[in-house]
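Asks:
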Amino acid sequence: MKLKRDFYLQDCVKVARDLLGKVFVHETKEGIAKGIIVETEAYNGAIDKASHSYKYKRTKRTEIQFGLGGYAYVYFIYGMHFNINIVTGIEGEPQGVLIRGIQPTYGIDLMKERRKTDNLINLTNGPAKLCQAMGITKEQYGMDLCNSNLYIEEGISIEDKDVDITKRINIDYAAEDKDRLWRFSIKDNPFVSIKVKS
């Protein structure tokens, strides 16, 4: 069952935790690709120096973050890769959750073709890799996850004892906010991008 709007209207940290075990889906003309979400990071624009919308910074790129939760915030990084965040929270409060890793469950041959690799573990263990494997580009910016061919389904329940809570990755520029424990991953899952100590 596709997640409803109410799920996304919650605080980004709660959504980041609760997305673990859910199934990320993209239906395209090439086929359907699915994967279990195994790694996420929360970003809160109001207070978080690591967020693109820190202190409510509103730009053409971040505009979607200021709407209701449940929309796709896709952006280009390092001049070569796409990343996808799920907008969370209420209108006017820019928050989001970066999808960092998924475990492929359906459309694996299509994912391999898109990534040009047969290495299953290397297919989706990172935010740029999973975007490429799932066929996510700037065209998906602003898509409604409650009413489009890009969405998240109910999946498996992940108990707290099976969740690693650690610092986020590659945000050393964020001063004290780099130490926030806002990264969530499923313990010992091989599709988690990087093992980081809390």
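No gaps in the numbering here: position 126 of the sequence shown is 126 in full-length UniProt numbering, and each next residue is one more. For every residue, glycine included, the Cβ atom is placed at its ideal position computed from N, Cα and C. All values derive from a computational prediction rather than experimental measurement.
1. If you follow the alpha helix (DSSP H) that R114 is in, where does it begin and where does it stop?
2. Residues in the same chain with beta-carbon distance under 7 Å from Q132, minus the five sequence neighbours each way, listed in chain order, please.
3. Say whether the region 163 to 170 touches the region 137 to 150, bearing in mind that this needs 3 or more beta-carbon pairs closer than 8 Å, one atom from each stretch.
4. Would you mind working out which of M1, Y8, C12, K49 sits nearest D172, comparing C-alpha positions?
5. Just mark L175 as buried or exposed, buried being the case when its beta carbon has 16 or more other beta carbons within 10 Å.
6. What are the complete beta strand (DSSP E) segments, minimum 3 residues, inside the region 28 to 110?
7. Give me the Cα-Cα distance between G157 and T117, rounded to the nearest whole angstrom.
8. Would you kindly report the start and end of the unbroken alpha helix (DSSP H) that includes F7?
9. Can you give me the C-alpha to C-alpha distance between N122 and I194, rounded to a whole angstrom?
10. For R58 and F66, I'd like the C-alpha separation in whole angstroms.
11. Should G39 go down as buried or exposed, given a rule of 16 or more other Cβ atoms within 10 Å for buried?
12. Under 8 Å by Cβ, that's how I've got P127 and L150 pegged, so tell me the actual separation to the nearest angstrom.
13. Taking only three categories from DSSP, how would you classify D18?
14. Taking 8 Å as the cut-off, decide whether the C-beta atoms of F82 and K29 are in contact.
15. How many whole angstroms separate the CB atoms of G101 and V87, which I take to be in contact at a CB cut-off of 8 Å?
16. By a C-beta neighbour count over all protein chains shown, 10 Å radius and 16 as the cutoff for buried, is R183 buried or exposed?
Replies: According to the structure shown:
1. Looking at the DSSP string, the run of the alpha helix (DSSP H) that includes R114 is 108 to 115.
2. Taken in chain order, the residues that qualify are R114, R115.
3. No: the two stretches stay apart, fewer than three of their Cβ pairs being nearer than 8 Å.
4. Just measuring C-alpha positions, the residue of M1, Y8, C12, K49 sitting nearest D172 is K49.
5. One detail in the question is off: residue 175 reads as Ala in this sequence, not Leu. Under this definition A175 is an exposed residue.
6. List check, beta strand (DSSP E) in window: 31 to 44, 72 to 77, 81 to 88, 95 to 106.
7. Residue identity check: residue 157 is Ser in the sequence provided, not Gly. Within the model, the alpha-carbon separation for S157 versus T117 is close to 30 Å.
8. F7: member of the alpha helix (DSSP H) spanning 5 to 8, first to last residue.
9. Here the alpha carbon of N122 sits roughly 12 Å from the alpha carbon of I194.
10. Whole-angstrom Cα-Cα distance: 8 Å.
11. For the record, residue 39 in the displayed sequence is Glu; it is not Gly. Result: buried.
12. Between P127 and L150, the beta carbon gap of about 15 Å keeps them out of contact (Cβ cut-off 8 Å).
13. Note: D18 maps to helix in three-state DSSP.
14. No, these two residues do not count as a Cβ contact at 8 Å.
15. Contact between G101 and V87 is absent: CB atoms are separated by about 19 Å, not below the 8 Å threshold.
16. With 16 or more Cβ atoms within 10 Å of its Cβ, R183 is classed as buried.
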